[in-house]
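Numbering-wise, the sequence shown is residues 4 to 253 according to the working numbering. Written below as structure tokens is the structure these notes are about.
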Amino acid sequence: MTRWLDAFFGVATLALLASCGVPPAASPVAPQGAAAGRDYWGHRPGPRGFNTVIIDAGHGGKDSGAASRSTGQQEKELTLDMAKRIRSELGGGFNAILMRSDDTFVELDERVARANQHGDAVLVSMHFNSGPQSLRGPETYFWRVDSHGLAVRLQQAMAAVNPGHSGNRGLVRRRLRLTRNPEIPCVLMEGGYLSHPAEAHLIATPAFRQRLAAAIAAAIRTQAAVGDAGTGPLPPPLTEPPSRASDRRQ
Ligand SMILES: [Zn+2]
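Given below as structure tokens:
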């Protein structure tokens, strides 16, 4: 019993340390190849005062992503449009970098490598969703502990602009290549469902996309100003291996 309790409190202490942003002692050593000075696992509170925002337009080139049967629009066009709108809404206070600025195909691993070239940065990846026709509303994916606060802000911001939801998953912790593999805070956003006819028409409206971009930019500015304040407790540390192409479709 005593040994069981020792083990229990040992785990509890580790969890407490982790919740304070200190990586648990049992945390595996970051594999070689992680750049010096990087937080490979992201086991710390979210960033504050960062200067660089890398805006990733999902898909591109030969990879069209999802397509709307209602409007005929392709996800790759909408994500590029959104990336440019987010950059302009961020204004001059940030060094905003587009992962792609035209209809080019960029491998996911290459996107990770490009993101890792920047310090003091966050990565936001823009997508639009597809699924059963009843689903609608924004979803946000994160994995790293240091990406939780930004993910909460981005999901709240998108939901405020488009409150429509029907069975969507909201904020989701999921190990994807663009949420697990970068060595900087990183969040993947789904701005709504192209498979939902009414939502596809909403997304097709430039004024809606501008409102969505403005809300996303405001969430990024708030994160830079106050860090994780007000976004709730940090999630537990996780040390799953990097995501690979064979893991699941992204
Ligand atoms: Zn996508």
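The beta carbon of each residue, even a glycine, is placed where N, CA and C say it ideally should be. Since the model is a prediction, treat every value here as computed from it, not as a measurement.
>> Given this structure, state the Cα-to-Cα distance separating A99 from W146, to the nearest angstrom.
In response: Residue 99 sits at position 96 when you count from the first residue of the sequence shown. Residue 146 sits at position 143 when you count from the first residue of the sequence shown. Cα-Cα distance, rounded: 22 Å.
>> Let me check one thing: in DSSP terms, what residues is I100 bridge-paired to?
In response: In the sequence shown, counting from the first residue as 1, residue 100 sits at position 97. Answer is I57, bridged to I100.
>> Are there any heavy atoms of ligand 1 lying less than 8 Å away from the beta-carbon of E110, as far as the coordinates show?
In response: Position 107 of the sequence shown holds residue 110. No, since every heavy atom of ligand 1 falls outside the 8 Å radius drawn around the Cβ of E110.
> How about P188 and L153: are their beta carbons less than 9 Å apart?
Replying inline: In the sequence shown, the residue the question calls residue 188 occupies position 185. In the sequence shown, the residue the question calls residue 153 occupies position 150. Taking 9 Å as the Cβ cut-off, P188 and L153 qualify as a contacting pair.
> Taking C-alpha atoms, which residue in R247, S246, A222 and P239 lies nearest to K50?
Replying inline: Along the sequence shown, read from residue 1 onward, the residue named residue 50 stands at position 47. Note on residue identity: the sequence assigns Pro, not Lys, to residue 50. Closest by alpha carbon: A222.
> Is any heavy atom of ligand 3 found at a distance shorter than 8 Å from the C-beta of G170?
Replying inline: Ligand 3 is absent from the structure shown, which contains only ligand 1.
> Is T82 near ligand 1, in the sense that its beta carbon is under 8 Å from a heavy atom of that ligand?
Replying inline: Translated into positions along the sequence shown, residue 82 becomes position 79. Checking every heavy atom of ligand 1 against the Cβ of T82, one is found closer than 8 Å.
> In terms of alpha-carbon separation, which member of G233, G230, A227 and A217 lies closest to M85?
Replying inline: To locate residue 85, count along the sequence shown from 1; it is residue 82. The shortest C-alpha separation from M85 is found at A217.
> In chain order, what residues of the same chain have a beta carbon less than 6 Å from the beta carbon of S133, not counting five sequence neighbours either side?
Replying inline: The sequence position of residue 133 within the sequence shown is 130, counting from 1. Only A69, L197 and S198 meet the Cβ criterion.
>> Measuring alpha carbon to alpha carbon, tell me which residue in G95, G64 and G94 is nearest E80.
In response: Locating residue 80 in the sequence shown gives position 77, counting from the first residue. It is G64 whose Cα lies nearest to the Cα of E80.
> Helix or strand or just coil, what does DSSP make of L241?
Replying inline: If you number the sequence shown from 1, residue 241 lands on position 238. Three-state result, L241: coil.
> If you draw a straight line from the C-alpha of T74 to the C-alpha of R212, how long is it?
Replying inline: As a working note, residue 74 is residue 71 in the sequence shown. As a working note, residue 212 is residue 209 in the sequence shown. Cα-Cα distance, rounded: 15 Å.
> To the nearest angstrom, how far is it from the Cα of I206 to the Cα of R103?
Replying inline: Numbered from its first residue, the sequence shown carries residue 206 at position 203. Numbered from its first residue, the sequence shown carries residue 103 at position 100. Looking at the two C-alpha atoms, the distance is approximately 21 Å.
> Q77 by DSSP, collapsed to three states: which one?
Replying inline: Stepping through the sequence shown from its first residue, residue 77 is reached at position 74. Note: Q77 maps to strand in three-state DSSP.
> What do you reckon, are the CB atoms on D59 and S150 nearer than 9 Å?
Replying inline: To locate residue 59, count along the sequence shown from 1; it is residue 56. To locate residue 150, count along the sequence shown from 1; it is residue 147. No, Cβ-Cβ distance for D59 and S150 is not below 9 Å.
> Do you know whose CA, among T107, N165, V190 and Y144, lies nearest R172's CA?
Replying inline: The residue labelled residue 172 in the question sits at position 169 within the sequence shown. Ranking T107, N165, V190 and Y144 by Cα distance to R172 puts Y144 first.
>> My parser needs the alpha helix (DSSP H) runs of 4 or more residues fully inside the segment 138-187; what are they?
In response: 151-164 and 180-183
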